[in-house]
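Residue numbers (this note's numbering), protein chains in the order written: chain A, 1 to 104; chain B, 1001 to 1313; chain C, 2001 to 2105; chain D, 3001 to 3482; chain E, 4001 to 4498.
A virtual CB, placed ideally from N, CA and C, is assigned to each residue, including glycine.
Small disclaimer: the values here were computed from a predicted structure and weren't measured.
Heads up: the structure comes next, in structure tokens.
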């Protein structure tokens, strides 16, 4: 296993970890806004890490470019859809859940 | 070993998703699970050494079907928000035994088919042998367009028939404005479209071109293009219309018509029926089919007879 | 146990789930899920049991399944349209008939 | 010439359907004519070819069988093609009244109608098991679209049930095709005979295909979808569905059985199919006896009459083949006539409930007459095509010393008489109140004419059987006993 | 030219009536005059045709029309002596009945349907008489069922519909058995052309049981229409039909078709010898004898005039079957000639019953008191018919009964004579009281339902009855004339017993 491979492996594992975190957030968070928060941020980071990991593994500029494109498109889609969903929820009158002891 | 673990993972999720899509508490969740099931299927195809199917499943099976189900669901809840509580489930005492028996039958058949002595797959072998002379690299495209082109011709006819049948049963009175989002347009959507639409067109053309040599083809490309159209419908750029539009209708049929006419033409110079006269014909037909498939799917989604441009924002 | 066998077994289970769903579901959308699941299981079966030709996958079953997928989508799309129309006419998206004898016109 | 003609027989209706979609409404009439009218003339060319040289085979795209798809036209498929073309044309004459271009559903009806027609022609020509699957789907989807066309709730429900069952049936068929490909490496029906050895897997494959086709053919006890679908569809659609569409499924079973696996020892399966057929005859007839609507009676009659087509399996002789083919032909014409006549009555009265039909023969004599003539053929009374079919069936049963089938066939005719005369008796009843039918709408003459032509055809079939029977005999698989 | 004539004429006799029926359907309800003219013209044309063919047959020709339905299965229409007997009876009576029916149905609805099927019914009867083989016979036999049903239900009342249902249940079930027997016989011996003496003798050894069963099946099939006990149930119920239909059903078309078929079956398919050899003659004889007595006893118990006549028919038709079942030339002559004689006599009776019912509303026997003074011509005709039925000379009935009795003695079945005598006594017992009421009782003050009808109408009705009466007197009186039915039958039977 070369150094590049190990770096790639670490990146991939890290990416998976981010995905895991995002998914747990999706399942556990109390309302739409929090879930979006978890998804949009954690998953995109995870995607980024995985793409970079794969690019290193492939060691090919062309593939790396396509992977970059994949990441960009994913980012774009996530951004816009998160925005739209939040916006729709807001205009539909969903109030963010206020749980925990911070506010009564 | 890892492969086998991956297979197991895919299979477990397939089964779990299938159960969930049928038994989920709400219909909406059922649809979600069904769409994800399509994605899992696509992974399964990849594992089964069928990249073309994986792509088709992702684009058509999961993507298009999912979108169609979502929009149908939306129309349903407009009529009756509570879809299921009033329904009485059919009597089902025998359901479990029947299901078990059916599953067991399929399992036994499948296992026997795997264990059966490998027969020389004559047709498949012939395809691989003859592929070289055609200039195509993807044997599946070869089968679909050259060797068994008539299947494909009829297949797009089936798609057309489904569209016509669907249009026949779609009530024309309440052709909806309601498809589009009620939210006021945001600049973000415009920005997204400005990037995504050219990109999807590019991708579908790439898929089309790739289909000749490697994974891809008219159906996958058409589905991707259809996704672009669905996006345009959803964001209000394209609207359902009742008016007859020669452009839309021509687009709808260009695939079938090209295929038929190019297929009939060889008869004029003594060649066999449907013997496509060269690679250009394949690419021409595939492009035309892509357009037709995309339009058909978009029309199915919009539940409309035709489309028109809408000025928006 | 190789992966083809695994997928064959998966197909069997999926088929059973589909059959069960087709029988017990009242809502038409779920019946359509069930039919599609059954279809997918058959498709898996056909591809998984195909014999490779000198190391390469047999293109014929895959081409057939590709055609099958498109046809399944076509039929599903039409089924959905039919379901929506039924629901518009009767208020419900189900086949379960409560008080309507077949003889009605 | 023959290849070109056959190509046009499939593609002309397809192109016409495309034309009906893409061209403006004003051109619809032209598309219809182009798609339908030249067909009988075109069909003459392959007919001459087949009569002269026997079966005709085309390798599509020039790739012969294991690699490509073939069309095969033999005497039997030629007969079926003629039936399909002839009946579609006559029924179109009727459809042109109820769906005249410009009327509400016309622009939806005709493209589907033409696609159905093209699909049927392609199906009858195809020699490839998977290609047949695709054509079956085309036929089914267009048929269901046509059933649901007018959007009445019973029709929609029937269409939905039909769709679900048809999809299920297609899956079974497809599974069978896949297994057969795995067993033989070929998909061509006519290559199976030498390649498909009887083992339990191949038997299962054939059985799956047959069960799928039996569902599509609405054979008892898989018939549940048919009466509602045929009873609630628009008239011309019911007519073509009952006359041709359900029957091609049985025709395909014949093909599988006698051409696909002729060497297999299938006596028990044949007996089972025969028993199913017998149960269909009895059940369908009894169910028809208690219906209150004319179209439902006719639809249940179809369930019953389809049963006869299965008697071919246990009898399995040249005579039985001739009988079954002739039954297919004469029942097709008679049933189409009856459905068209019923559609005219329904259109005039606004209902087809039996109790409203009293005295209707004075107002709609031609339609009632068509109904009665069709009924005579269905009952198998002379002189009619139905009688000759019944005679041949009885003769076949006698030659096989199959007394139970003989009794069943004789009984079937009586049951048919029972449910059909029930209708005619109501028609002959004097209306209780005068002016019962004051609000009668006039039926267009061509609509009645189409029904009458088909009915007369069913009767004339009782006199000119020899060419058709010879054709059937010429097309039989070798080795069938007399 | 001559060949063409020989080929087409038998078909033409069928076509004339069938075409008339179709034209009447097409013309519809409104063209009453056209219908009348057409009906009469066709009836006359047909009579002439039959006379012409009769002359041809007399001169030794056998016109034959043949067309193949299924390879090996021909539709054959052939005029032989027996055909011509039945054909001329039908042609004559059709003409008379047409005149009668036109007047009878003057004001009723649905006349187009009635006369259309009436003509088709006659076409079927012609086909039956000309049928050259058993299959052809069967085809027209079933056609007859089909075309008489609309006539039976013509009134459109619930009772009529029910009677029609009964009629169909009997005849179609019989037809189904007939068909089974036919196929079976076809399987054994091929197409059964009607040949004097039969064609089956060769098969009597190896297929004896089959032949016996087939004979039973075919006899049931024909016995239904011939109203043999216990298959007669439909006949009295069918009395709801209008009088011309009853006349036609009972005198000519339906019951005679059955009896005619039995003659063909016994004499021309099996042959009298084979029937005797198979041991089938005695059962047939017993059934016929029982039916004769049973019908008479039942007739005695009816108060409705038409019902009494119906049971009388049940009884009388069995004379024909009795004749052929006895065997031997003399009895056979008696049976076959009764086909004609009974037809003539029965049609008088039904005509008269119809006139009584239609003009005066008289339907029951106790209402007949003194009707002889009100309607002397009709009553006289009725009397002629009734006396003939009893078998008094010189009316036609006497001739046939005489032959039957003589034949029974000749064949050594003396007990049949006792049956004949008993039957005649019973006949007298149910007809003489009617005659007594007609002529000797005083008329009531008012008839149940007196109709106002035109003179022409009354004239046509009564005229038809008188013509029929004259005819039946004539064939009785002129029984010795070379052209009489009796001599005609003699020559037919000479073919059976060379």
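Residues of the same chain with their beta carbon placed closer than 8 Å to that of residue 4048 (chain E) are lacking, with the five preceding and five following residues left out of the count. Check the Cα spacing between residue 4045 (chain E) and each of E:4370, E:4095 and E:4454: the tightest is with E:4095. Here residue 4235 (chain E) is not near residue 4303 (chain E), since their CB atoms are 9 Å or more apart. Here residue 1308 (chain B) is bridged, per DSSP, to B:1239. With three or more CB-CB distances shorter than 8 Å, the stretch 1003-1022 of chain B counts as touching the stretch 2008-2019 of chain C. A Cβ-Cβ contact shorter than 9 Å links residue 4404 (chain E) with residue 4416 (chain E). The alpha helix (DSSP H) runs of length 4 or more contained entirely in the stretch 4225-4308 of chain E are, from start to end of the chain, 4234-4237, 4243-4247, 4253-4263, 4272-4277 and 4281-4301. One finds 2067, 2070 and 2071 in chain C with Cβ atoms closer than 7 Å to the Cβ of residue 1155 (chain B), taken in chain order. Three or more Cβ pairs closer than 8 Å define a contact, and the stretch 3199-3212 of chain D falls short of that threshold against the stretch 3304-3319 of chain D. Our two residues, residue 4119 (chain E) and residue 4100 (chain E), have alpha carbons roughly 14 Å apart in a direct line.
Any Cβ of chain C closer than 9 Å to the Cβ of residue 1106 (chain B) would place that residue at the interface, and such an atom is present.
The continuous alpha helix (DSSP H) containing residue 3110 (chain D) extends over residues 3106-3125. Of the candidates B:1237, B:1213, B:1205 and B:1232, B:1205 places its Cα closest to the Cα of residue 1291 (chain B). For the pair residue 3101 (chain D) and residue 3030 (chain D), the Cα-to-Cα distance works out to about 10 Å. When the five nearest sequence neighbours on each side are left out, the beta carbons in the same chain lying within less than 7 Å of the beta carbon of residue 1053 (chain B) are those of 1045, in order along the chain. The Cβ atoms of residue 3452 (chain D) and residue 3366 (chain D) sit closer than 9 Å to each other. Residue range 1149-1169 is occupied by the alpha helix (DSSP H) that includes residue 1158 (chain B). DSSP places residue 3173 (chain D) inside the alpha helix (DSSP H), whose first and last residues are 3153-3184. Contact of residue 3159 (chain D) with chain C is assigned, a C-beta pair being separated by under 9 Å.
Taking a beta-carbon distance threshold of 9 Å, residue 1188 (chain B) counts as an interface residue toward chain A. For chain B, the residues of the stretch 3011-3028 of chain D that bring a beta carbon within less than 7 Å of one of its beta carbons are 3011, 3014, 3015, 3018, 3021, 3022 and 3024, in chain order.
Annotated three-state conformation of residue 2027 (chain C) is strand, per DSSP.
For the C-beta of residue 1150 (chain B), the chain D residues within less than 7 Å are, from N- to C-terminus, 3060, 3069 and 3131. Straight across, the Cα-Cα distance linking residue 3042 (chain D) with residue 3009 (chain D) is about 7 Å. The stretch 2075-2086 of chain C makes contact with the stretch 2025-2039 of chain C, as at least three CB pairs between them are under 8 Å. Around the beta carbon of residue 4158 (chain E), fewer than 16 other beta carbons lie within 10 angstroms, which makes this residue exposed. Under the three-state reduction of DSSP output, residue 3056 (chain D) falls in the strand class. For chain B, the residues of the stretch 2046-2063 of chain C that bring a beta carbon within less than 7 Å of one of its beta carbons are 2047, 2048, 2049, 2051, 2053, 2056, 2057, 2058, 2059, 2060, 2062 and 2063, in chain order.
Straight-line spacing of the CA atoms in residue 96 (chain A) and residue 85 (chain A) works out to 13 Å. Residue environment analysis places residue 3301 (chain D) among the buried positions, since at least 16 neighbouring C-beta atoms fall within 10 angstroms of its C-beta. Contact with chain E is found for residue 3381 (chain D), since one of that chain's Cβ atoms lies less than 9 Å from the residue's Cβ. Within chain B, the residues whose beta carbon sits less than 8 Å from that of residue 76 (chain A) are 1192, 1195 and 1196, listed in sequence order. By the rule that beta-carbons nearer than 9 Å mark a contact, residue 1089 (chain B) does not touch chain D. Pairing residue 3199 (chain D) with residue 3179 (chain D), the inter-Cα distance amounts to about 12 Å. For residue 1075 (chain B), the enclosing alpha helix (DSSP H) stretches over residues 1065-1079.
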